[in-house]
Amino acid sequence: MNVTFEQVRELAQRTVTDVRYPIVKTYTLDAIWVLYDRVLRVDPHRPDDPARDRFLLSKGHGPSAFYAVLAAKGFFPPDWLDDVASLESPLGSHPDATLVPGVEMSAGSLGHGLPLGVGLAHGLRAKGFDSRVFVLVGDAELDEGSNHEAIAYAGAIGLPNLNVIVADNDSASHGWRGGIASRFEVNGWSAATVDADDHEALYRSYATAHPDRPHVTVAVHRP
Ligand SMILES: [Mg+2]
């Protein structure tokens, strides 16, 4: 299936999740789409390939965009999008890694994805894989202290196969507007701040070489 961005946007609109956070359907879609369409080395026919890249949606309360991209890339039939969060559907209001093909992490409480991503990236390197780990977090999720332990540790050890995407819609209680990248850079990360719907800028950031440190892409959405 060769899907365009317009088609994947229509897929995302078919879902009925994100009731409390309907904007998540659209503002994380660009970031996840560019990643799966142009960067991530994953294959729906070999979902357990140990050398695959990993994507962790830490911001699991907004799964529609993620589900739409997985369907577009052939991990499950697009029909599944029509009854998300029903009793029979494997697609819950938070993604479940034991039920959904292509989902690497069950998401629930915020603040877990990045620490898990650090461990995963570390473990993959220890096993000799060159797999990359991408973690999408929300800006308000950075209010969770667990993320700052992970940011400090990953920066201190220069974890090169770790990449974070922050979906920044100015919703955090802590921190300050425009200050997210600096919170990573002061811990030794490389960073780029881009418009959330600028596909070329997202791609350039994802493809940035960072051989001795982790990298963060701050995708700024201002409604
Ligand atoms: Mg937010």
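So in the UniProt record's numbering, the last one in the sequence shown is 223, and the numbering has no gaps at all.
Every residue gets a Cβ at the ideal spot worked out from N, C-alpha and C, and that includes glycine.
Residue(s) in a DSSP beta bridge with residue i
i, result
"Gly108", "Answer is none; Gly108 lacks a bridge partner."
"Arg54", "Val133"
"Ile165", "Leu136, Thr217"
Straight-line gap, residue i to residue j (C-alpha atoms, nearest Å)
i, j, result
"Glu185", "Asp79", "42 angstroms"
"Pro47", "Ala181", "32 angstroms"
"Ser93", "Gly62", "8 angstroms"
"His45", "Phe75", "8 angstroms"
"Arg54", "Tyr36", "10 angstroms"
"His210", "Glu10", "34 angstroms"
"Ala191", "Asp130", "21 angstroms"
"Ser205", "Thr193", "8 angstroms"
"His148", "Ala72", "33 angstroms"
Proximity of residue i and residue j at Cβ, strictly below 8 angstroms
i, j, result
"Asp139", "Val164", "no"
"Leu114", "Ser58", "yes"
"Gly30", "Asp168", "Residue 30 is actually Asp in this sequence, not Gly. Contact: no."
"Pro95", "Phe134", "no"
"Leu116", "Asn161", "no"
"Val34", "Tyr203", "yes"
"Ala12", "Ser64", "yes"
"Val39", "Arg52", "no"
"Val218", "Trp189", "no"
"Ala150", "Val118", "yes"
"Gly175", "Asp212", "no"
"Gly111", "Ser146", "yes"
| message | Could you tell me which whole beta strand (DSSP E) segments of length 3 or greater appear in the region 185 to 209? | response | 190 to 195
| alpha helix (DSSP H) segments (min. 4 residues) lying fully within the region 39 to 106 | 64 to 72
| request: Taking 5 angstroms as the limit, tell me which residues put their C-beta closer than that to any heavy atom of ligand 1, in chain order. | output: Gly138, Asp139, Ala140, Asn169, Ser171
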